[in-house]
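Colleague:
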Amino acid sequence: NIEVLRSFGVQNFDACFVCVNKNFQACLEITDQLKELGAKRVYSKADRDLEAKFLMRCGADFIIYPERDAAERIAVRESSDRIFDFIGLSEGCAICEIDAPDEWVGHSVAEVGLRSRHGLNLIAARRGERLHPVLDPAYVFVKDEHVLVLGSLEDIRKATRE
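Residue numbers (this note's numbering): 155 to 316.
#1: Tell me the DSSP secondary structure of Ala-279 in three-state form.
#2: Do the segment 212 to 227 and the segment 254 to 262 make contact, defined as three or more Cβ pairs closer than 8 Å?
#3: Which residues does DSSP list as the beta-bridge partners of Asp-253?
#4: Hey, Arg-195 and Asp-168: beta-carbon distance below 9 Å or not?
#5: Hey, Ala-278 and Leu-285: beta-carbon distance below 9 Å or not?
#6: Looking at the secondary structure, which residues open and close the beta strand (DSSP E) in which Leu-243 lies?
#7: Going straight from the alpha carbon of His-261 to that of Glu-221, what length do you get?
#8: Hey, would you say Asp-186 sits closer than 9 Å to Gly-163, going by beta carbons?
#9: Is the segment 235 to 244 touching the segment 196 to 216, taking contact as three or more C-beta pairs under 8 Å?
#10: I need the straight-line Cα distance from Leu-274 to Gly-305, nearest angstrom please.
#11: Under the rule that 16 or more other beta-carbon atoms within 10 Å means buried, what is Ile-156, buried or exposed?
#12: Classify Asp-203: buried if its beta carbon has 16 or more other beta carbons within 10 angstroms, exposed otherwise.
#13: Excluding sequence positions up to five away, which residues of its chain have a Cβ less than 7 Å from the Cβ of Pro-291?
#14: Should Asp-201 and Phe-178 be called a contact, given that it needs their Cβ atoms to be closer than 9 Å?
Written out as structure tokens, the structure reads:
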């Protein structure tokens with residue numbers, strides 16, 4: 155009901171999220187009504203690309219694919235004993251939390267050739283629950299730490315197999 159949405163004052167929100175499950179017609183209507191009421195940004199949930207196309211036509215600014223994204227994240231994690239987390243950024247590009255390979259331990263980022271040899275960029279190192287941002291090529295990898303790297307999924311997989 156558009157009056158209910160109007161009563162929320164959606165035009166004052168930075169973003170609105172449309173995540174109605176199993177009722178695509180309702181998603182379309184709510185997305186359209188939010189834009190009609192002046193919502194600045196509308197994120198709408200889709201299950202398929204065809205749904206996304208119609209939601210964009212109704213005014214959605216961004217499309218969310220929660221089931222697909224979760225399935226991809228789990229599939230990548232389960233595909234390797236050395237990949238502990240995965241965030242897909244774009245086609246083929248990702249941030250992964252990986253086990254620092256034994257060959258890296260005791261060597262710096264520069265010595266390992268993380269960027270030049272592996273095509274990866276180091277973002278952070280995790281020891282226990284603490285995450286430490288790493289921007290220094292002199293950083294030395296230590297045993298039993300996880301590292302967050304940015305790169306192509308193919309390059310990340312290669313680095314974890316060596």
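For each residue, glycine too, the CB sits at the ideal point set by N, CA and C.
Modeller: Concretely, from the data shown:
#1: Residue state for Ala-279 is assigned as strand, using DSSP reduced to three classes.
#2: no
#3: His-300
#4: yes
#5: yes
#6: Run containing Leu-243: 237 to 244, per the beta strand (DSSP E) assignment.
#7: 39 Å
#8: no
#9: no
#10: Put simply, the backbone Cα of Leu-274 is about 5 Å away from that of Gly-305.
#11: Using a 10 angstroms sphere on the CB of Ile-156, the tally of other CB atoms stays under 16, which defines it as exposed.
#12: exposed
#13: Ser-262, Val-263, Ala-264
#14: yes
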